[in-house]
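Colleague: Chain order of the listed sequences is A and B.
Heads up, the first sequence is in our numbering, so the first residue is -13 and it goes up one at a time.
Heads up, the second sequence is in our numbering, so the first residue is -13 and it goes up one at a time.
Structure incoming, see below.
Number of protein chains: 2
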Amino acid sequence: MTATVTVGEFSRLTHLSVKTLHHYHEIGLLAPASVDSSSGYRRYDTAQVDTALLIRRLRELRMPLPEVRQLVETSDGTEREETLRAHLERMEQELAHTREVVTSLREMLTPGQPALDVEYRFIPAFRAYGVRDQVERELIGPWCERTFRQLGEVGTARGIFATSGATYSDEFFTDDTGEVVAFLPVAPDQEPADGVELVDLPGGFFAIAVHAGPLTDFDRTYGALGSHVAEHCEVAPGPIRELYVVSPGDVDDPAAWRTEICWPIQRIPAPKG
Amino acid sequence: MTATVTVGEFSRLTHLSVKTLHHYHEIGLLAPASVDSSSGYRRYDTAQVDTALLIRRLRELRMPLPEVRQLVETSDGTEREETLRAHLERMEQELAHTREVVTSLREMLTPGQPALDVEYRFIPAFRAYGVRDQVERELIGPWCERTFRQLGEVGTARGIFATSGATYSDEFFTDDTGEVVAFLPVAPDQEPADGVELVDLPGGFFAIAVHAGPLTDFDRTYGALGSHVAEHCEVAPGPIRELYVVSPGDVDDPAAWRTEICWPIQRIPAPKG
DNA sequence: GGTTGACTCTCCGGCTACCGGAGGGTGGAA
DNA sequence: TTCCACCCTCCGGTAGCCGGAGAGTCAACC
């Protein structure tokens, strides 16, 4: 047996504010059992308490309302599980990320610049197996993992063991989404392969810094190199490159990783007096 | 030595979007080193990269901009540490909370109502030592811990070992902040004590449900009791009470905890046919 | 039957931390 | 000069609500 109650009472039963209940009604997420046509007063059924509490819990987990709606509206248990699992996974990732950031933050607040060795190099044009994609910043980790495994497989099947790398468009950094091209250098006469394209990377001068260790401080090296370039060089158009000299695919120990960041420049600057 | 760069370049150095940089300029969080008075073009100094990266990291941790500003503007290391520590603590709490919610969510999605025994009781008016406060929902845990320890100390010093409890105003639940009164019943002629006030709790009828175990599912018991009351009783004005029959202060094992939720009603309803 | 007071309604604006786009001015190279 | 990439400001929108204004409603009390 159930009974109907006013918004205020329902608010007390569910610990959702009246404003929130109005909002959920408006967007059709949790409509009252009935609405008085003359006064406009809402009446909720006590049977709706469970749904309301479910919604409240999901919102506590910061689940976006569209997803909440999906979950609440599906009766299919499997689909529910799936949506929920996906959300929890995202939260786990966020958490891991948080830990990383905290680590690097500590280093930043106890200052002491890591020395930055900038090297100038001319890199000739070369051909490579490439995978081109529009990638969102957040998803770059999994994307790289997938893509470099794929490139690695294609490469080893053909006896190629070059240092792979990637180019990142400016928008990738500034708009949090943009073109990324993962590449594995090959001989100029290399034959095409399934699933990857043949790309030609232009040659040019680069200011290059090596980032050693895990990626927590990566942006600092970027910033330092970029500052250096701004101070001593003329920048050239074209995307920034990274070369994965020692990568997660090579060794497990993050401390051993080495990434070269290559910033395109017009020419090698004259040494200052 | 430093150099100045345009927004676009600075954006590339810091991985903050141009829009974001504009915003930070507008709110005065990170003003460019100079602004061309005729064209309005911003110029940033490469020395600002570090600050920008610090801000970016803090924002990744969802730190609100006012706090970020505070942290960035203070040069005092101790104060920085303090702000940061406070923020991290909040995040840890949030995390713990998340775990709880996830646990209870699982239970909710695999349905099976926990049986709810509702009991009707008349509770006479009584006097108590009380601590009254405006409390925010989020902070209720620490508040209770503090307050009941205090009440406990005052009580034991006077040989009082009654079951303590608290009243929660409606606003506490519906607006996430409201008056809470923690109380420890005493004899009518009890003398005042330092740090606590003497309060008189009115008598009346209550519908009472026992919530057993940890507090993860607390809101469900609330909802179920409230629904029951809406279906079978006439509600009475006055705040809801909780009685901590077996509390965290008594035993460590959450499974042993017992909380009585007392919902004020007008009278004991006649049993239905 | 009128009045009170608690409750409810809708509508509008505001909050955070930006994003997207329109419409228009700038700067350096060809 | 003309191009094009870059930059400017201003306006509006986003999510998930909150706060308040102004007005209607409900039940109780006198």
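Yeah, the Cβ is synthetic: ideal placement off N, Cα and C, and Gly gets one too.
By alpha-carbon positions, which one of B:0, B:187, B:225, B:26 ends up nearest to residue 249 of chain B?
Modeller: Among B:0, B:187, B:225, B:26, the Cα nearest to that of residue 249 of chain B belongs to B:225.
Colleague: If we count Cβ pairs, one from each stretch, closer than 8 angstroms, do we get three or more for the stretch 206 to 221 of chain A versus the stretch -3 to 17 of chain B?
Modeller: These segments touch.
Colleague: Starting from residue 159 of chain A, find everything on chain B with Cβ-Cβ shorter than 8 angstroms and list it in chain order.
Modeller: What residue 159 of chain A touches in chain B: -3, -2, 1.
Colleague: Alpha helix (DSSP H) containing residue 214 of chain B: first to last residue?
Modeller: Counting along the chain, the alpha helix (DSSP H) containing residue 214 of chain B begins and ends at 204 to 218.
Colleague: So, for residue 221 of chain A: in the same chain, excluding its five sequence neighbours on each side, which residues have a beta-carbon less than 8 angstroms away from its beta-carbon?
Modeller: Contacts found: 215, 249, 250, 251, 252.
Colleague: Helix, strand or coil: how does DSSP classify residue 259 of chain B here?
Modeller: Unreliable positioning characterises residue 259 of chain B in this predicted model, as indicated by a pLDDT of 43, which lies under 50. A coordinate reading is not provided.
Colleague: Using a 10 Å radius around the Cβ and a threshold of 16 neighbouring Cβ atoms, would you call residue 49 of chain B buried or exposed?
Modeller: The residue is buried, with at least 16 neighbouring Cβ atoms inside 10 Å.
Colleague: Give the DSSP-derived three-state secondary structure of residue 234 of chain A in the structure shown.
Modeller: Residue 234 of chain A falls in the coil class under three-state DSSP.
Colleague: Put residue 168 of chain A into one of helix, strand or coil per three-state DSSP.
Modeller: DSSP places residue 168 of chain A in strand when its eight states are reduced to three.
Colleague: Work out the CA separation of residue -9 of chain B and residue 64 of chain B for me, nearest whole Å.
Modeller: If I take the Cα positions, the gap works out to 33 angstroms.
Colleague: With 8 angstroms as the threshold, decide whether the Cβ of residue 121 of chain B is near any Cβ in chain A.
Modeller: Cβ-Cβ to chain A under 8 angstroms: no for residue 121 of chain B.
Colleague: Roughly how many angstroms separate the alpha carbons of residue 43 of chain B and residue 77 of chain B, rounded to a whole number?
Modeller: Distance between the alpha carbons of residue 43 of chain B and residue 77 of chain B is about 15 angstroms.
Colleague: Does the distance from the CB of residue 231 of chain B to the CB of residue 149 of chain B come in under 8 angstroms?
Modeller: In contact: residue 231 of chain B and residue 149 of chain B (Cβ atoms closer than 8 angstroms).
Colleague: Are there 16 or more other CB atoms within 10 angstroms of the CB of residue 151 of chain B, so buried, or fewer, so exposed?
Modeller: Flag for residue 151 of chain B reads buried.
Colleague: Can you find a C-beta in chain B that's less than 8 angstroms from the C-beta of residue 66 of chain A?
Modeller: Closer than 8 angstroms: yes.
Colleague: Flag this pair as yes or no: are the beta carbons of residue 38 of chain A and residue 81 of chain A separated by less than 8 angstroms?
Modeller: Not closer than 8 angstroms, so no.
Colleague: Would you mind telling me which residues of chain A sit closer than 7 angstroms to residue 189 of chain B, beta carbon to beta carbon, in chain order?
Modeller: Within 7 angstroms Cβ-Cβ: nothing; residue 189 of chain B doesn't reach chain A, min ~22 angstroms.
Colleague: Does the beta carbon of residue 91 of chain A sit closer than 8 angstroms to a beta carbon anywhere in chain B?
Modeller: Closer than 8 angstroms: yes.
Colleague: Using a Cβ distance threshold of 8 angstroms, determine whether the stretch 187 to 194 of chain A contacts the stretch 6 to 23 of chain B, with at least three qualifying pairs required.
Modeller: No, the stretch 187 to 194 of chain A is not in contact with the stretch 6 to 23 of chain B.
Colleague: Residues of chain A with CB closer than 7 angstroms to the CB of residue 213 of chain B, please, in chain order.
Modeller: Ordered by position in chain A, the residues that pass the 7 angstroms Cβ test against residue 213 of chain B are -1, 32, 35.
Colleague: Buried or exposed: which applies to residue 233 of chain B, given that a residue is buried once 16 or more other Cβ atoms fall within 10 Å of its Cβ?
Modeller: Buried: at least 16 other Cβ atoms inside 10 Å.
Colleague: By the DSSP assignment, the beta strand (DSSP E) with residue 28 of chain A in it spans what residues?
Modeller: Residue 28 of chain A -> beta strand (DSSP E) spans 28 to 31.
Colleague: Could I get the ranges of all uninterrupted alpha helix (DSSP H) runs contained in the stretch 102 to 168 of chain A, with 4 residues as the minimum, in chain order?
Modeller: Complete alpha helix (DSSP H) runs here, min 4: 126 to 143, 156 to 160.
Colleague: I'd like the list of long-range same chain contacts for residue 187 of chain B, defined as Cβ closer than 7 angstroms, with 5 residues on each side in sequence excluded.
Modeller: Within the same chain, residue 187 of chain B has close Cβ partners 111, 112, 114, 169.
Colleague: Would residue 77 of chain A pass as an interface residue toward chain B - the criterion being a Cβ-Cβ separation below 8 angstroms?
Modeller: Closer than 8 angstroms to some Cβ of chain B, the Cβ of residue 77 of chain A qualifies, so yes.
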